[in-house]
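J.:
Protein chains: 2
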Amino acid sequence: MSRALSGGYGVHERTRERVLAVAERLGYRPNRLARSLVTGRSHSIGLVISDIRNPFFAEVARGAEDAAQAAGCDLVLCNSDLDAEKQMHYVRSLRDKRIDGILMNSVWALERKQQEQLVALAVPIVLLTRPASGNAFSTVCADNEAGGAVAARYLLELGHRKIAHLTGPRRHGNLTARARGFVQALKSAPEPIEPVVLHGTNNFTGAIELTRKLLDTRPGITAIFAGNDIMAFGVVRALIEAGRRIPDEVSVMGFDNIELSAVVHPPLTTIHQPKYEIGQAAVEILLRLTSRRGDQVPEHRLFGVSLVERQSCRRVTA
Amino acid sequence: MSRALSGGYGVHERTRERVLAVAERLGYRPNRLARSLVTGRSHSIGLVISDIRNPFFAEVARGAEDAAQAAGCDLVLCNSDLDAEKQMHYVRSLRDKRIDGILMNSVWALERKQQEQLVALAVPIVLLTRPASGNAFSTVCADNEAGGAVAARYLLELGHRKIAHLTGPRRHGNLTARARGFVQALKSAPEPIEPVVLHGTNNFTGAIELTRKLLDTRPGITAIFAGNDIMAFGVVRALIEAGRRIPDEVSVMGFDNIELSAVVHPPLTTIHQPKYEIGQAAVEILLRLTSRRGDQVPEHRLFGVSLVERQSCRRVTA
DNA sequence: CTGAAAGCGCTAACAG
DNA sequence: CTGTTAGCGCTTTCAG
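Here the protein sequences line up with chains A and B, keeping their order.
Numbering that gives the first Met the number 0 puts the first residue of the first sequence at 0, with every later residue one more than the last.
Numbering that gives the first Met the number 0 puts the first residue of the second sequence at 0, with every later residue one more than the last.
1) Does DSSP put L301 (chain A) in a helix, in a strand, or in coil?
2) When you compare the CB positions of G146 (chain A) and G180 (chain A), do they come within less than 8 angstroms of one another, or not?
3) So, is L25 (chain B) buried or exposed, given that buried needs 16 or more other C-beta atoms within 10 angstroms?
4) Using only alpha-carbon positions, find the residue among A:A176, A:R170, A:L165 and A:R169 that is nearest to P194 (chain A).
5) Select from B:A135, B:E12, B:M230 and B:R91 the residue whose C-alpha is nearest the C-alpha of H198 (chain B).
6) For A121 (chain B), report the span of its alpha helix (DSSP H) as first-last.
7) In angstroms with no decimal places, state the Cα-to-Cα distance between D65 (chain B) and Q279 (chain B).
8) Got a sec: is the Cβ-Cβ distance from P323 (chain B) to anything in chain A below 8 angstroms?
9) To which residues does DSSP link G100 (chain B) through a beta bridge?
10) Short check: CB of S51 (chain B) to CB of L76 (chain B), under 8 angstroms?
11) Just the Cα atoms here: how many angstroms apart are L322 (chain B) and A222 (chain A)?
12) Report the start-end ranges of each alpha helix (DSSP H) in the segment 217–300 of chain A that is 4 residues or longer and not cut off at the edges.
13) Just the Cα atoms here: how many angstroms apart are D95 (chain B) and A67 (chain B)?
14) Go through its chain and collect everything with a Cβ distance to T204 (chain A)'s Cβ below 8 angstroms, but skip five positions before and after it.
15) Please report the distance separating the alpha-carbon of P265 (chain A) from that of V251 (chain B).
16) If you run the structure through DSSP and keep just helix, strand and coil, what is D65 (chain B)?
17) Measure the C-alpha to C-alpha separation of P297 (chain B) and Y275 (chain B) and round it to an integer number of angstroms.
18) T316 (chain A) to V263 (chain A), Cα distance in whole Å?
19) With the cut-off set at 8 angstroms, would you say S311 (chain B) and T268 (chain B) are in Cβ contact?
20) Taking the beta strand (DSSP E) that A141 (chain A) belongs to, which residues open and close that run?
21) Do the CB positions of A188 (chain B) and L209 (chain B) come within less than 8 angstroms of each other?
22) Can you give the Cα-Cα distance for G100 (chain A) and A135 (chain B), rounded to whole angstroms?
23) According to DSSP, which residues form a beta bridge with N201 (chain B)?
24) Within 7 angstroms: the Cβ of H42 (chain B) and any heavy atom of the ligand NAD?
25) At the level of alpha carbons, what is the spacing between A184 (chain B) and A150 (chain B)?
26) Looking at the C-beta of H264 (chain B), does it have a partner C-beta in chain A at a distance below 8 angstroms?
27) Decide if A119 (chain A) is buried, meaning its Cβ has at least 16 other Cβ atoms within 10 Å, or exposed.
28) Taking only beta-carbon atoms, is P54 (chain B) less than 8 angstroms away from chain A?
29) Using a Cβ-Cβ distance under 8 angstroms, would P191 (chain B) count as near chain A?
30) Does the beta carbon of L19 (chain B) come closer than 8 angstroms to any beta carbon on chain A?
31) Does E240 (chain B) get closer than 8 angstroms to chain A when you measure Cβ to Cβ?
32) Applying the 10 Å Cβ sphere with the 16-neighbour rule, what's the burial state of T175 (chain A)?
33) On the three-state DSSP scale, how would you describe A163 (chain B)?
34) From the DSSP output, in three-state form, read off N134 (chain B) for me.
35) Taking only the alpha-carbon atoms, compute the straight-line gap between I257 (chain A) and A70 (chain B) and give it to the nearest angstrom.
36) Does D95 (chain A) come out as helix, strand or coil in the three-state DSSP assignment?
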């Protein structure tokens with residue numbers, strides 16, 4: 000009877016139809032929990048991110064949910080606030096529920112001990128970071144370093160020479176990659192430039208503080224590249240407060256291309272990162288990992304980024 | 000042995016400790032799936048919303064997840080895009096997985112047939128809408144009508160007489176409540192005012208179109224109340240494009256107080272809605288519903304709203 | 001091709 | 001207070 004409903008292999012067609020008809024009439028719906036208990040697959044996957052309120056993750060989550068849904072899986076949402084303990088708690092709890100796999104953003108490099116614990120849990124995991132050496136997990140990520148370089152070249156092309164980069168803490172992997180690409184590109188320009196790089200808190204208010212500090216020490220700056228769009232919004236706010244006009248006096252660039260970067264005024268020039276696709280791809284890789292239960296060949300996917308030119312940058316009029 | 004690990008009722012303390020110690024040493028973790036199968040409670044709840052990318056829902060989701068987490072439950076995320084079919088599909092699928100309850104935003108009144116289907120599924124549901132008459136579900140919602148009235152009184156107080164309200168489709172329950180409260184308050188003012196009300200699509204571009212239409216037909220408008228913050232951003236954009244200065248020439252108000260309303264320029268005056276708390280409360284009610292398995296007394300919770308005064312509105316200088 | 005039985009890992013009810 | 005047993009509802013295997 001199970002055979003009739005599911006695959007229908009080795010069942011007489013007429014019998015099958017009869018079973019199906021009765022099932023239909025009785026409004027029968029199989030208990031997926033019971034099924035999972037015996038098959039060992041729960042058809043649900045975990046998404047452990049820092050905070051769903053971050054528009055970047057909301058977009059990733061949507062891509063992931065759509066892909067999961069398409070594969071008949073549920074997505075369980077976990078907000079870790081980047082707290083290592085919370086993260087491990089979630090992962091363990093998900094594993095206990097026999098989740099099929101986990102998608103997580105460990106934005107800073109995993110400690111070796113933590114990494115070992117994760118491996119020990121023997122649950123497929125896809126990380127939203129650059130592949131780290133000696134890291135056994137699959138990864139999906141945008142090319143942050145290349146993005147930083149694109150931003151640098153764009154500002155150079157507009158004739159900027161006094162350039163600053165405002166970013167988050169040093170241990171934040173993705174932000175650091177952006178900074179590296181940016182600085183590298185400026186340094187290797189025909190006429191090398193040494194940008195000002197300020198580290199702070201990677202949010203709106205953090206960026207406001209950084210910008211104030213920057214204006215104090217380097218009032219002559221003509222272009223600011225922020226670590227992400229939200230920070231760019233903070234830069235814009237602080238600049239307006241200081242009476243600087245954008246883009247006339249100072250050019251501002253962001254990173255991510257979240258939806259609201261097109262909404263603010265002035266519309267923000269930024270580096271686009273395919274957030275939705277990252278979520279999608281991560282789920283697809285995860286599902287592939289869970290299907291073949293033997294060979295755990297980690298898969299890595301690096302997405303390209305692109306410049307989105309809006310109205311927050313302008314050519315310097317020397 | 001189950002007793003020792005779980006409650007520990009009717010077990011000798013020493014025996015209990017011994018069992019616990021062995022469990023610890025063996026790294027034993029109970030299979031929550033198997034437990035759920037027998038207890039009938041899965042300790043996970045479904046969140047069926049239109050789109051997690053909407054900052055409003057992201058905030059609600061975070062509140063819900065935190066509350067769920069505190070109660071030892073998982074939150075499974077479902078994006079319905081407000082598609083009735085998708086919604087039913089998710090609800091059924093969640094029920095088949097023996098989810099403990101469902102939280103959903105059916106932003107337009109449920110059709111009677113759909114409502115019956117939901118009731119027939121016999122799964123606890125909390126709706127993120129105003130309690131509808133003859134509706135058997137619990138609800139958690141902000142007082143949209145009162146919010147509309149607050150907005151109206153504020154604009155009146157600033158001396159505005161030529162006022163417009165830009166909102167979404169008529170069948171959108173929450174938006175309609177805002178409009179009703181707004182119009183009602185203006186009509187019942189000492190010197191009654193009949194505002195212009197335009198219905199369109201409740202998003203950024205929809206608001207841009209509505210604003211253009213408004214400026215064509217009523218160029219003398221001095222204040223615009225948008226159905227939500229995102230729409231207000233669209234209004235601001237269209238106004239800037241048309242060369243109108245904000246708030247000097249036209250005042251703009253939003254609704255929701257999403258995080259970015261404080262970030263844009265000019266900072267948006269809006270009606271605050273306790274989004275996080277709504278998510279939290281919804282989960283708490285849901286959990287209460289699931290605990291006592293007999294009496295399904297629907298519970299309703301209406302949250303107050305408040306004015307957040309920023310810089311997008313100004314007193315009219317007659 | 002179809003029916004019956006074993007068992008997934010747990011809890012609950014039952015004896016000892 | 002402790003050990004055993006009977007299912008939860010399904011899939012899988014094994015007889016018929």
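No residue lacks a Cβ here, since even glycine has one placed at the ideal position from N, Cα and C.
T.: If we stick to the structure as given:
1) By 1-based counting over the first sequence, the position of residue 301 (chain A) is 302. Residue state, collapsed to three classes: strand.
2) Position 147 of the first sequence, counted from the start, is the residue given in the question as residue 146 (chain A). Position 181 of the first sequence, counted from the start, is the residue given in the question as residue 180 (chain A). For G146 (chain A) and G180 (chain A), yes; Cβs fall inside 8 angstroms.
3) One-based indexing of the second sequence puts residue 25 (chain B) at position 26. That one is exposed.
4) Against the first sequence, residue 194 (chain A) aligns to sequence position 195. The residue with the shortest Cα to Cα distance from P194 (chain A) is A:L165.
5) Residue numbering aside, residue 198 (chain B) sits at position 199 when the second sequence is read from its first letter. It is B:M230.
6) The residue labelled residue 121 (chain B) in the question sits at position 122 within the second sequence. First-last for A121 (chain B): undefined, no H or E at that position.
7) Here the question's residue 65 (chain B) lines up with position 66 in the second sequence. Here the question's residue 279 (chain B) lines up with position 280 in the second sequence. Near 7 angstroms, if we compare the C-alpha coordinates of Q279 (chain B) and D65 (chain B).
8) Since the first residue of chain B shown is 0 and the last is 317, residue 323 (chain B) is not available in this structure.
9) Taking the second sequence and counting its residues from 1, the one referred to as residue 100 (chain B) is at position 101. Answer by DSSP bridge pairing, in chain order: B:I44.
10) Within the second sequence, the letter at position 52 stands for residue 51 (chain B). Within the second sequence, the letter at position 77 stands for residue 76 (chain B). Residue 51 (chain B) is actually Ile in this sequence, not Ser. Against a cut-off of 8 angstroms, the Cβ pair of L76 (chain B) and I51 (chain B) comes out as a contact.
11) Residue 322 (chain B) is absent from the structure shown; chain B starts at 0 and stops at 317.
12) 228–240 and 274–290
13) Here residue 95 (chain B) refers to the residue found at position 96 of the second sequence. Here residue 67 (chain B) refers to the residue found at position 68 of the second sequence. If you take the alpha carbons of D95 (chain B) and A67 (chain B), they lie about 20 angstroms apart.
14) On the first sequence, residue 204 (chain A) is found 205 positions in, with the first residue counted as 1. Excluding positions up to five away in sequence, the list reads G233.
15) Against the first sequence, residue 265 (chain A) aligns to sequence position 266. Against the second sequence, residue 251 (chain B) aligns to sequence position 252. Approximately 18 angstroms, taken between the alpha carbons.
16) For the purposes of this step, residue 65 (chain B) is taken as the residue at position 66 of the second sequence. If DSSP states are grouped into helix, strand and coil, D65 (chain B) belongs with the helices.
17) On the second sequence, residue 297 (chain B) is found 298 positions in, with the first residue counted as 1. On the second sequence, residue 275 (chain B) is found 276 positions in, with the first residue counted as 1. So the alpha carbons of these two residues sit roughly 21 angstroms apart.
18) Start at 1 with the first residue of the first sequence, and residue 316 (chain A) comes out as number 317. Start at 1 with the first residue of the first sequence, and residue 263 (chain A) comes out as number 264. Cα to Cα, T316 (chain A) sits roughly 25 angstroms from V263 (chain A).
19) For the purposes of this step, residue 311 (chain B) is taken as residue 312 along the second sequence, with counting starting at 1. For the purposes of this step, residue 268 (chain B) is taken as residue 269 along the second sequence, with counting starting at 1. The answer is yes: Cβ separation under 8 angstroms.
20) Reading the first sequence from its first residue, position 142 is the one you call residue 141 (chain A). Taken as a continuous stretch (DSSP letters only), the beta strand (DSSP E) holding A141 (chain A) covers S137 to A141.
21) If you number the second sequence from 1, residue 188 (chain B) lands on position 189. If you number the second sequence from 1, residue 209 (chain B) lands on position 210. Result no, Cβ atoms of A188 (chain B) and L209 (chain B) do not sit closer than 8 angstroms.
22) The residue labelled residue 100 (chain A) in the question sits at position 101 within the first sequence. The residue labelled residue 135 (chain B) in the question sits at position 136 within the second sequence. Approximately 37 angstroms between the Cα atoms of the pair.
23) Position 202 of the second sequence, counting from 1, holds the residue named residue 201 (chain B). DSSP output for N201 (chain B) lists no bridge partner at all.
24) Looking at this structure, you won't find the ligand NAD or any other ligand, since it has none at all.
25) Here residue 184 (chain B) refers to the residue found at position 185 of the second sequence. Here residue 150 (chain B) refers to the residue found at position 151 of the second sequence. Cα to Cα, the separation comes out at about 9 angstroms.
26) Within the second sequence, residue 264 (chain B) is the residue found at index 265, counting from 1. So, interface residue.
27) To locate residue 119 (chain A), count along the first sequence from 1; it is residue 120. Counting Cβ neighbours within 10 Å, A119 (chain A) comes out exposed, since fewer than 16 surround it.
28) On the second sequence, residue 54 (chain B) is found 55 positions in, with the first residue counted as 1. So yes, P54 (chain B) belongs to the interface.
29) Position 192 of the second sequence, counted from the first residue, corresponds to residue 191 (chain B). False, the Cβ-Cβ gap to chain A never drops below 8 angstroms.
30) Counting from one through the second sequence, the residue named residue 19 (chain B) turns up at place 20. By this cut-off, L19 (chain B) is not an interface position.
31) Position 241 of the second sequence holds residue 240 (chain B). Chain A contact via Cβ: absent.
32) Within the first sequence, numbered from 1, the residue matching residue 175 (chain A) stands at position 176. Buried, since its Cβ has 16 or more Cβ neighbours within 10 Å.
33) Locating residue 163 (chain B) in the second sequence gives position 164, where the first residue counts as 1. If DSSP states are grouped into helix, strand and coil, A163 (chain B) belongs with the strands.
34) Within the second sequence, residue 134 (chain B) is the residue found at index 135, counting from 1. Residue state, collapsed to three classes: coil.
35) Against the first sequence, residue 257 (chain A) aligns to sequence position 258. Against the second sequence, residue 70 (chain B) aligns to sequence position 71. Going from the Cα of I257 (chain A) to the Cα of A70 (chain B) covers about 33 angstroms.
36) Along the first sequence, read from residue 1 onward, the residue named residue 95 (chain A) stands at position 96. DSSP places D95 (chain A) in helix when its eight states are reduced to three.
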